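To start, the structure itself, in structure tokens.
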Ligand code: FCB
């Protein structure tokens, strides 16, 4: 056994999102989002569950923040529901929505918990969807205005604003794979959505900087999966490269290099010619804080059966899996060192970045990592989730290794603080450090929650 210790000031936190925890889907003037609509459509969510009431954080935010404080948490990433603040996506502001986030922020600050606010965790206002949603460029401008409103009301209590959570998932899982809202199957729409979401990041960054009375860091959170070829064949290696381009580089290149791999694909170019307008890439390349969400890797093989991309995912036998993904801790180290090598170390392209404009290498943090475990209460009322503790040790150790190898990782946020609504999978996948009885809403800290509290206290753990 050896004790590993993280750099002084390392940020330990937990993450959540509005639709997954708030409930109160139509209370106090909140507008309808595409997730309300999607979840209300029969057949979209396991057991037709919805986030209507979810874990009732809207009414329990004070108790929930107090529980965070009890565990010694000092940093909390959450998202605001666009439709609580601007019920129709644009236009009049909803005072009760503002009051809720005021309450949440003030309670967090009272407990000395630093808020990391994220503007968009997939719950687009239905009113904007009805006008075309993310595939339409206008949505990016509406988002920038929403960013301005949030900055105006809450900027005084924030140091960081994340614009988006996992643009790739919102674009491709929502518009091409149809597993998330809005649930369409259209590759062109997904590509347009992907570009407009990134464009909206750049436009929002401008709006936030113009509105803020003090410097705010602009962040974005990306789902990144290191991609491995299934075999050593050249075809599989090329398949892995294609997936890397369409999953990882499609997000990282515009944000950090001012380029896009879209043009590398003939078919894609044909589908969305003219999508990227002059000046767009320049606007997108602005970032102070890069958040990495890591859950698993992707193992890919060439497959002529699958049109357009000619790839198929492989699930290697003999490895450990959770209810959702392969468990592959080494992938996190590979991912972090790759970001450093490909994006942070090379000198930035001309024109040389000016400091303070979000153009130097951003700070790097893990903004989500966790495992779904079918937890339950034991007879004595405890939740013995050893599997989660093992998962966390193995993954956080890989973050430690990356730091030792020179990657400047500044923080780690666990997904999630409490069990909650896991999108299309409903309430069946529990990710929390805190167990939630979905009938009574009673919260019980799991063994992993106590373990994580100790990690924060010691700024490290025994491995
Ligand atoms: C991520 C999402 C988050 C949660 C975890 C398990 O992709 O950002 O909301 O669902 O997966």
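Residue numbers (this note's numbering): 2 to 464.
Each residue gets a CB set at the ideal place from its N, CA and C atoms; glycine is no exception.
Please read these numbers as outputs of a predicted model, since none were measured by experiment.
Endpoints, the beta strand (DSSP E) within which residue 116 is located: Within the chain shown, the letter at position 115 stands for residue 116. Here the beta strand (DSSP E) through residue 116 covers 115-121.
Cβ-heavy atom distance, residue 437 to the ligand FCB, below 8 Å: The residue given as residue 437 occupies position 436 in the chain shown. Answer for residue 437: no, Cβ out of range of the ligand FCB.
Own chain residues within Cβ distance below 7 Å of residue 417, not counting five before or after: Position 416 of the chain shown holds residue 417. The answer, listed in chain order, is 15, 16, 17, 371, 432 and 433.
At least 3 beta-carbon pairs within less than 8 Å: the segment 53-72 vs the segment 92-100: no
Proximity test, residue 392 beta-carbon vs the ligand FCB heavy atom, cut-off 8 Å: Counting from one through the chain shown, the residue named residue 392 turns up at place 391. No, since every heavy atom of the ligand FCB falls outside the 8 Å radius drawn around the Cβ of residue 392.
Simplified DSSP state of residue 219, which is helix, strand or coil: Your numbering for residue 219 matches position 218 in the chain shown. DSSP places residue 219 in strand when its eight states are reduced to three.
For residue 226, the nearest candidate out of 239, 248, 236 and 207 (CA to CA): Numbered from 1 along the chain shown, position 225 holds the residue referred to as residue 226. The residue with the shortest Cα to Cα distance from residue 226 is 248.
Secondary structure of residue 180, DSSP reduced to three states: Within the chain shown, residue 180 is the residue found at index 179, counting from 1. In this structure, residue 180 counts as coil in the three-state DSSP scheme.
The ligand FCB heavy atom lying under 8 Å from the CB of residue 266: By one-based count along the chain shown, residue 266 stands at place 265. For the ligand FCB, not one heavy atom lies less than 8 Å from the Cβ of residue 266.
Any non-hydrogen atom of the ligand FCB closer than 8 Å to residue 36 Cβ: If you number the chain shown from 1, residue 36 lands on position 35. Residue 36: no, Cβ never under 8 Å from the ligand FCB.
Element boundaries [beta strand (DSSP E), containing residue 394]: Translated into positions along the chain shown, residue 394 becomes position 393. Premise fails: residue 394 lies in the alpha helix (DSSP H), 387-405, not in any beta strand (DSSP E).
Segments of 3+ residues assigned as beta strand (DSSP E) that fall wholly inside the segment 45-126: 76-80 and 115-121
Segments of 4+ residues assigned as alpha helix (DSSP H) that fall wholly inside the segment 124-177: 127-130 and 139-155
Span of the alpha helix (DSSP H), counted from its first residue to its last, around residue 239: Start at 1 with the first residue of the chain shown, and residue 239 comes out as number 238. First-last of the alpha helix (DSSP H) with residue 239: 235-244.
Local conformation of residue 409 per DSSP, three classes: Start at 1 with the first residue of the chain shown, and residue 409 comes out as number 408. Three-state DSSP puts residue 409 in coil, outside helix and strand.
Host beta strand (DSSP E) of residue 4 (start-end): The residue you call residue 4 lines up with position 3 of the chain shown. Segment 4-6, the beta strand (DSSP E) holding residue 4.
Beta carbon proximity, residue 451 to chain B, threshold 9 Å: This model lacks chain B altogether; it includes just one protein chain.
Residue 444 versus residue 438 - alpha carbon distance: Taking the first residue of the chain shown as 1, we reach residue 444 at position 443. Taking the first residue of the chain shown as 1, we reach residue 438 at position 437. Cα to Cα, residue 444 sits roughly 7 Å from residue 438.
heavy atom of the ligand FCB below 8 Å from residue 252 C-beta: Along the chain shown, read from residue 1 onward, the residue named residue 252 stands at position 251. Residue 252: no, Cβ never under 8 Å from the ligand FCB.
Nearest neighbour of residue 40, chosen from 158, 78 and 422 [CA to CA]: Translated into the one-based positions of the chain shown, residue 40 becomes position 39. The residue with the shortest Cα to Cα distance from residue 40 is 422.
Alpha-carbon to alpha-carbon, residue 386 and residue 8: The residue given as residue 8 occupies position 7 in the chain shown. The residue given as residue 386 occupies position 385 in the chain shown. About 28 Å.
CB-CB length for residue 193 against residue 276, believed under 8 Å: Here residue 193 is taken as the residue at index 192 of the chain shown, counted from 1. Here residue 276 is taken as the residue at index 275 of the chain shown, counted from 1. Indeed they touch by this definition, with Cβ atoms about 6 Å apart.
Inter-residue Cα distance where the pair is residue 349 and residue 377: Taking the first residue of the chain shown as position 1, residue 349 is located at position 348. Taking the first residue of the chain shown as position 1, residue 377 is located at position 376. With a pLDDT of only 49 at residue 349, under 50, the local geometry of the prediction cannot be trusted, and no value is derived from it.
Cut-off 7 Å between Cβ atoms - residues of its own chain near residue 143, not counting five sequence neighbours on either side: As a first step, residue 143 must be located in the chain shown, where it is residue number 142. If we look at residue 143 and ignore the five residues flanking it on each side, its Cβ neighbours are 90, 91 and 129.
Residues near residue 217 in its chain [Cβ-Cβ closer than 8 Å; skip 5 each side]: Stepping through the chain shown from its first residue, residue 217 is reached at position 216. 152, 156, 159, 160, 161, 162, 209 and 210.
Own chain partners of residue 406 with C-beta closer than 7 Å, once the 5 adjacent residues on each side are dropped: Position 405 of the chain shown, counted from the first residue, corresponds to residue 406. Correct list, in chain order: 338.
Presumed contact (8 Å Cβ cut-off) between residue 200 and residue 281, rounded CB distance: Walking along the chain shown from the start, residue 200 turns up at place 199. Walking along the chain shown from the start, residue 281 turns up at place 280. With a Cβ gap of about 5 Å, residue 200 and residue 281 count as contacting.
C-alpha distance - residue 246 paired with residue 409, whole-angstrom precision: Here the question's residue 246 lines up with position 245 in the chain shown. Here the question's residue 409 lines up with position 408 in the chain shown. Distance between the alpha carbons of residue 246 and residue 409: 24 Å.
Delimiting residues of the alpha helix (DSSP H) encompassing residue 284: Position 283 of the chain shown holds residue 284. Looking at the DSSP string, the run of the alpha helix (DSSP H) that includes residue 284 is 281-285.
Start and end residues, beta strand (DSSP E) containing residue 229: Here the question's residue 229 lines up with position 228 in the chain shown. It spans 228-230 - the beta strand (DSSP E) in which residue 229 sits, taken as one unbroken run.
Burial state of residue 466, where buried means 16 or more other Cβ atoms lie within 10 Å: There is simply no residue 466 to check, as the chain begins at 2 and stops at 464 in what is shown.
Helix, strand or coil at residue 20 according to DSSP, with G and I counted as helix: Counting from one through the chain shown, the residue named residue 20 turns up at place 19. DSSP places residue 20 in helix when its eight states are reduced to three.
Check: residue 226 C-beta below 8 Å from any heavy atom of the ligand FCB: Numbered from 1 along the chain shown, position 225 holds the residue referred to as residue 226. Answer for residue 226: no, Cβ out of range of the ligand FCB.
Whole-angstrom distance between residue 196 and residue 139, CA atom to CA atom: Here residue 139 refers to the residue found at position 138 when the chain shown is read from its first residue. Here residue 196 refers to the residue found at position 195 when the chain shown is read from its first residue. The alpha-carbon atoms of residue 139 and residue 196 are separated by roughly 12 Å.
Helix, strand or coil at residue 270 [DSSP, three-state]: What you label residue 270 is simply residue 269 of the chain shown in a count that begins at 1. Helix.
Nearest-angstrom beta carbon gap, residue 22 and residue 127 [assumed within contact, 8 Å]: Residue mapping note: residue 127 aligns to position 126 of the chain shown, counting from 1. Residue mapping note: residue 22 aligns to position 21 of the chain shown, counting from 1. About 20 Å separates the two Cβ atoms, so there is no contact after all.
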